[in-house]
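In the working numbering, the protein residues as written are -14 to 173. Worksheet: one structure, shown below.
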């Protein structure tokens, strides 16, 4: 029992004594007795029963109050547990969000790397194509130069042949002239 209950017991004890004194005075006034008549004893028993009932009611009230306090404590504990669970859920959600963000960042990085690799490959291919084109152009130029040289050589050969033919013709003409002159000299 707590202090409030001890105080109520003191109060009841004092009240009981006061009531008892009043009852004794009433009996002395009415009957002229010393306060120990039968009516007085019955009244005292009733008072004791009432006091016991009051005490029982007070105890019941105190028990109810204790039960209410316990229920309130349980409710508070439940609320705290719910709050803790909510906090844990929020933390888990935050962790999941962070993991998702990290995965997204990793995916983005991978995509960027793949794009860069593809770009590098494309650049390499372009460079190879350019080199091939340059080589082809060089080959074509060389072929053209060779063809030009061959044509020049052919032209030179033709010119030489023409010159030779001209020289031969001149020699033949000279020979013919010499023959004609010789024949004329013989005739003379």
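A virtual CB, placed ideally from N, CA and C, is assigned to each residue, including glycine. This structure is a prediction, so every number in the text was calculated from the model and none was measured.
The alpha-carbon separation between residue 148 and residue 130 amounts to approximately 26 Å. Across the structure, residue 163 and residue 152 are spaced so that their CA atoms are roughly 16 Å apart. Taking the Cα positions, residue 97 is about 24 Å away from residue 81. A direct Cα-to-Cα measurement between residue 61 and residue 26 gives close to 52 Å. Here the alpha carbons of residue 126 and residue 166 stand approximately 59 Å from one another.
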